[in-house]
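Notes to accompany the following structure.
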Amino acid sequence: MLSPCRSCLTHFMIEVLMCSEQWMKQDLKMESKLPSNAQILEELEEDDKLERENGDASTVLE
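Going by my numbering, the first residue of the sequence shown is number 185, and it counts up by one from there.
Shown next as structure tokens:
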């Protein structure tokens, strides 16, 4: 026996809701894998530091 509220959802609407839920869950998973702005900035600063150190070492070798 179906209640009036339960029968008002069409098959299409149920599919849309289920797909939306899956997309939202996937977005949350992807966000956790992406580096934060602070992590990106930290990596850039580390790269700059290494380049400066390597630049100083190459001038000493010449």
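Built from N, CA and C at the ideal position, the CB exists for glycine as well.
Residue interval of the alpha helix (DSSP H) (run including residue i)
i, result
"Cys192", "From DSSP, Cys192 is part of no alpha helix (DSSP H); its letter is neither H nor E."
Collapsed DSSP secondary structure at residue i in the structure displayed
i, result
"Ser204", "helix"
"Leu212", "helix"
"Leu228", "helix"
"Leu218", "coil"
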